[in-house]
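*Asks:* Each residue of the sequence shown is one higher than the one before, starting from 432 at the first, in the working numbering. In this text, a Cβ means the ideal position worked out from N, Cα and C, and glycines have one as well. I'd like to ask you about the structure that follows.
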Amino acid sequence: MEASKLTGIERELVLQYLIDGNVPVTVTPVEENSGDEQDKVKPASSALFPIAIKAEQLKVLEQGIILLTNPPQNVQNFIDKKVKVEFYFNRLGLYFETKIKRIKAGLALVIPSSISRIQEPSAAPRPSEFSASLYFSVNQKSDIHIDCVPAEGYRLFSSPVWKDIEEGSQKRAKAYLEEFIVHARQKGVAGSGVQLIPVVRYLSEKIVKMESVQGRKNPLEVLFVNHERIVFGQKAGNYELREGSEYALEMSFPLPRPLTERKIFATCRVESNYFDDDKDFMCAVCRYTSLQEEDARFLYEKVSGEKFI
């Protein structure tokens with residue numbers, strides 16, 4: 432991992448950048464392990480979510496010390512604990528590890544000698560049970576497509592249930608669900624409402640993470656598929672899926688040998704867009720506007736396990 436560390440000159444440039452123009456940072460607790468195992472970022476719990484600190488809430492001194500001014504109250508939980516501090520430098524994701532200390536002037540972080548580039552985690556191989564592409568026109572001249580992948584931990588081909596949602600997120604999810612059901616009913620698009628369970632799960636569980644490169648486009652995450660709708664999740668600002676807009680959709684399903692895959696072509700319209708309270712993440716609930724009957728039957732039977740009538 433030495434290649435990920437900044438050189439001395441690079442560190443000085445970054446330090447001067449932080450001093451000259453304060454930038455927002457994200458602070459995440461780090462779990463310190465005994466033995467040879469490297470420190471790991473501790474999974475977020477109800478008290479240990481990553482905390483965003485705004486530019487106006489910090490001041491960087493020439494000595495390489497960050498003073499925190501009126502930071503979020505829950506930063507107090509991290510005093511005298513090791514944290515990972517992440518930020519962007521010219522759109523490049525960087526981080527360092529340090530401890531939050533209480534001093535006479537308030538809370539402070541010492542910038543260590545080692546600053547590293549954020550590395551994208553190696554993607555664990557996932558079963559390719561499904562993939563999709565969403566197509567739309569640009570200036571009515573050319574078509575471009577967005578790759579769509581199954582969201583990790585979501586069972587696309589079984590009916591969503593409430594217990595799929597992490598226990599610590601269920602209170603927030605319940606508040607979202609009550610709000611979104613009212614909205615969907617007012618628009619006349621509620622249906623059975625089952626499509627909203629993965630929506631509120633995604634918006635209540637998802638956590639903002641710094642990336643190796645700021646603003647990079649990522650595939651849409653597929654949260655739900657049945658014979659009537661498909662639901663996408665993404666970081667806000669990744670792609671603009673406009674409410675009421677129609678898109679072409681290609682879905683691919685691997686089949687047992689000697690067959691290769693089944694492709695389904697459809698069009699869908701964005702029924703509703705839903706955002707979390709902080710507008711960090713959004714979900715687009717899309718209803719098919721054209722779908723062959725045999726494809727609707729295939730999707731119904733794949734999700735429900737019952738014969739399409």
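Inspect the beta-carbon positions of residue 566 and residue 715 and report whether they are closer than 7 angstroms.
*Replies:* The answer is no: Cβ separation not under 7 angstroms.
*Asks:* Could I get the ranges of all uninterrupted beta strand (DSSP E) runs contained in the stretch 623-660, with 3 residues as the minimum, in chain order?
*Replies:* Fully enclosed beta strand (DSSP E) runs of 3 or longer: 651-656.
*Asks:* Of all the options 682, 707 and 688, which has the alpha carbon lying nearest to the alpha carbon of residue 698?
*Replies:* Comparing Cα positions, the closest option is 682.
*Asks:* For residue 450, name the three-state secondary structure that DSSP assigns.
*Replies:* Looking at residue 450 - three-state DSSP - the assignment turns out to be helix.
*Asks:* If we ignore side chains and look at the alpha-carbon of each, how far apart do residue 503 and residue 491 end up?
*Replies:* Taking the straight line joining both Cα atoms gives about 18 angstroms.
*Asks:* Could you work out which residue in 489, 547, 527 and 591 is closest to residue 735 when comparing CA atoms only?
*Replies:* Nearest of 489, 547, 527 and 591 to residue 735, Cα basis: 591.
*Asks:* Beta-carbon within less than 6 angstroms of residue 702's beta-carbon, same chain only, minus the 5 sequence neighbours each way: which residues are those?
*Replies:* 620, 716 and 718.
*Asks:* Hey, could you find the ends of the beta strand (DSSP E) residue 703 is sitting in?
*Replies:* Residue 703 -> beta strand (DSSP E) spans 692-706.
*Asks:* Enumerated in chain order, which unbroken segments of the alpha helix (DSSP H) with a length of 4 residues or greater are wholly contained in the stretch 563-620?
*Replies:* With a minimum length of 4 residues, the continuous alpha helix (DSSP H) runs that stay inside the stretch 563-620 are 601-618.
*Asks:* How far does the alpha helix (DSSP H) with residue 734 in it extend, from its first residue to its last?
*Replies:* Residues 724-735.
*Asks:* Checking 7 angstroms against the spacing of the C-beta atoms, do residue 577 and residue 651 come in under that value?
*Replies:* Yes, the pair counts as a contact, with Cβ atoms nearer than the cut-off.
*Asks:* Going by the DSSP bridge assignment, what does residue 664 pair with across the sheet?
*Replies:* 652 and 714.
*Asks:* When you compare the CB positions of residue 631 and residue 607, do they come within less than 7 angstroms of one another, or not?
*Replies:* Yes, Cβ-Cβ distance for residue 631 and residue 607 is below 7 angstroms.
*Asks:* Tell me the DSSP secondary structure of residue 439 in three-state form.
*Replies:* Residue 439 falls in the helix class under three-state DSSP.
*Asks:* Could you give the DSSP three-state label for residue 493: helix, strand or coil?
*Replies:* Looking at residue 493 - three-state DSSP - the assignment turns out to be coil, as it is neither helix nor strand.
*Asks:* Measure the alpha-carbon distance for residue 724 versus residue 593 and round it to whole angstroms.
*Replies:* Rounded to whole angstroms, residue 724 to residue 593 spans 30 angstroms at the Cα level.
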